[in-house]
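Colleague:
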Amino acid sequence: MKCSRTVIWTILSLFTVSLTGCFSSNPKDIEAFLMPGNVDVSAKNYIMHPPDDIEIHCSSVPEIDLQRQQIRPDGRIGFEKIGEIYVAGKTPAQVANELRGKILELYQIEGDKPIDVRVVGFRSKRYYVLGQVGTPGAQIYTGRDTVLGALALAGSPTILAWEQRIQVVRPSGDKNVKPKIFEFNFDRAAAHGDASKDVLLQEGDIVYVPPTILAAAAMMLEEFMRPITRAFSGYYTFGGGESQDAMRYRGIGY
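Take 78 as the starting number for the sequence shown in this note's numbering and just add one per residue.
1) Quick one: what's got a C-beta closer than 6 Å to Glu161's C-beta in the same chain, skipping five residues either side?
2) Report yes if the CB atom of Ile186 is closer than 8 Å to the CB atom of Val138, and no otherwise.
3) Of the residues Ile141, Ala170 and Ala165, which one's Cα is nearest the Cα of Ile159?
4) With DSSP as the reference, identify every bridge partner of Val214, one or two as the case may be.
5) With DSSP as the reference, please indicate the residues paired to Pro288 in a beta bridge.
6) Could you pull out every residue in the same chain whose Cβ sits closer than 6 Å to the Cβ of Gln147, ignoring the five residues on either side in sequence?
7) Give the secondary structure of Asp222 by DSSP, where H, G and I count as helix, E and B as strand, and everything else as coil.
8) Quick check: what's the CA-CA separation for Pro256 versus Arg195?
9) What's the call for Val254, buried or exposed, on a 16-neighbour Cβ count within 10 Å?
10) Give me the residue from Ala170, Ile258, Asn262 and Ala227 with the minimum Cα distance to Ile124.
11) Can you name the start and end residues of the beta strand (DSSP E) that Asp193 belongs to?
12) What do you reckon, are the CB atoms on Pro234 and Phe263 nearer than 8 Å?
13) Between the region 165-180 and the region 211-221, are three or more C-beta pairs nearer than 8 Å?
14) Let me know the secondary structure DSSP gives Gln279 once reduced to three states.
15) With Val246 as the anchor, note down where its beta strand (DSSP E) starts and where it stops.
16) Around the Cβ of Ser201, are there at least 16 other Cβ atoms within 10 angstroms (buried) or fewer (exposed)?
17) In chain order, what residues of the same chain lie with their CB nearer than 6 Å to the CB of Pro150, ignoring the 5 residues before and after it?
18) Can at least three beta-carbon pairs, one atom from the region 295-302 and one from the region 272-281, be found at a separation below 8 Å?
19) Give the DSSP-derived three-state secondary structure of Lys121 in the structure shown.
20) Report the rounded CA-to-CA distance for Gly178 versus Pro191, giving the unit in angstroms.
21) 8 Å is my cut-off, CB to CB: does Asn103 come that close to chain B?
22) Going by other Cβ atoms of all chains shown within 10 Å of its Cβ, with 16 needed for buried, is Asp222 buried or exposed?
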């Protein structure tokens with residue numbers, strides 16, 4: 078028993094030391110992220126791709142007014158008289174201008190901006206909230222997502238979360254370029270209103286909520302003990318006697 082206790086504490090000690098040095102965030106990396114107040118975060122700047130849903134507003138042309146379409150896999154939308162338009166990789170404003178040019182060939186319309194294209198279903202892009210949150214996983218990217226908003230949508234940090242050391246990661250597609258990583262203090266932002274690091278996320282960004290040292294140690298200990306527990310539970314029944322597998326192994330009753 079004493080030996081087992083020593084092994085367990087050794088494992089926990091080593092894990093604690095390794096965990097405290099495992100974060101590779103750099104305070105200057107936050108410069109790679111944009112703040113909501115420094116950029117137009119309207120959906121007009123959103124780059125559309127399949128299978129986003131868009132809605133056309135043009136009261137002068139009943140054929141397309143309030144028509145909702147999902148961008149097809151080939152990147153196009155289509156209308157009976159106007160024909161097909163390639164919209165993938167474009168903003169709503171760019172598509173509206175292109176529609177305007179085609180409509181003017183067929184109809185007489187008034188107004189400087191008679192056409193409005195709106196994204197009503199954000200489906201093509203994702204960012205990720207992982208770790209100790211209520212519902213970890215991929216989240217739909219809208220172009221207006223901040224770190225605090227992302228955490229709220231993911232169910233907020235759990236009681237196991239290390240709220241002061243949340244890692245915000247912008248992956249790099251170039252193996253020679255390091256990802257940008259900085260720390261976000263959820264407690265400071267949520268409880269004290271500090272929005273200095275509540276940056277805008279981009280498609281593919283990762284918000285990782287690590288467990289506290291004690292929570293991580295407990296989870297590691299659980300993983301370490303699981304195979305041992307399974308081995309004993311397979312050999313002995315909950316009633317205290319040997320299981321059928323154990324008796325079969327010893328040749329009792331077979």
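Ideal Cβ placement from N, Cα and C applies to all residues, glycine included.
Modeller: Let's see:
1) On the sequence shown, residue 161 is found 84 positions in, with the first residue counted as 1. Excluding positions up to five away in sequence, the list reads Arg153 and Gly155.
2) For the purposes of this step, residue 186 is taken as residue 109 along the sequence shown, with counting starting at 1. For the purposes of this step, residue 138 is taken as residue 61 along the sequence shown, with counting starting at 1. Yes.
3) On the sequence shown, residue 159 is found 82 positions in, with the first residue counted as 1. Nearest to Ile159 by alpha-carbon distance, out of Ile141, Ala170 and Ala165, is Ile141.
4) Start at 1 with the first residue of the sequence shown, and residue 214 comes out as number 137. As written in the sequence, residue 214 is Gly, which differs from the Val given in the question. Looking at the DSSP output, Gly214 shares a beta bridge with Val206.
5) Reading the sequence shown from its first residue, position 211 is the one you call residue 288. Beta-bridge pairing links Pro288 to Ala238.
6) Within the sequence shown, numbered from 1, the residue matching residue 147 stands at position 70. Result list for Gln147: Pro128 and Asp130, in chain order.
7) Translated into positions along the sequence shown, residue 222 becomes position 145. DSSP, reduced to helix, strand and coil, places Asp222 outside both helices and strands of the structure shown, so it counts as coil.
8) Counting from one through the sequence shown, the residue named residue 256 turns up at place 179. Counting from one through the sequence shown, the residue named residue 195 turns up at place 118. Straight-line Cα distance between these residues: approximately 33 Å.
9) In the sequence shown, the residue the question calls residue 254 occupies position 177. Exposed: under 16 other Cβ atoms inside 10 Å.
10) Mapped onto the sequence shown, residue 124 falls at position 47. Selected option, being the one with the closest Cα: Ala170.
11) The residue labelled residue 193 in the question sits at position 116 within the sequence shown. Where Asp193 is concerned, the enclosing beta strand (DSSP E) stretches over Asp193 to Gly198.
12) Position 157 of the sequence shown, counted from the first residue, corresponds to residue 234. Position 186 of the sequence shown, counted from the first residue, corresponds to residue 263. The answer is yes: Cβ separation under 8 Å.
13) Short answer: they don't touch.
14) Within the sequence shown, numbered from 1, the residue matching residue 279 stands at position 202. DSSP places Gln279 in coil when its eight states are reduced to three.
15) Translated into positions along the sequence shown, residue 246 becomes position 169. Its beta strand (DSSP E) spans residues Ile243 to Arg247.
16) Position 124 of the sequence shown, counted from the start, is the residue given in the question as residue 201. Counting of Cβ neighbours within 10 angstroms places Ser201 among the buried residues, the total reaching 16 or more.
17) Counting from one through the sequence shown, the residue named residue 150 turns up at place 73. So the list reads Pro127, once near-sequence residues are dropped.
18) Contact between the region 295-302 and the region 272-281 is not established, with fewer than three Cβ pairs separated by less than 8 Å.
19) Your numbering for residue 121 matches position 44 in the sequence shown. Helix, per DSSP.
20) As a working note, residue 178 is residue 101 in the sequence shown. As a working note, residue 191 is residue 114 in the sequence shown. Rounded to the nearest angstrom, the two C-alpha atoms are 11 Å apart.
21) You won't find chain B in this structure, because it holds only one protein chain.
22) Along the sequence shown, one-based indexing puts residue 222 at 145. It counts as buried.
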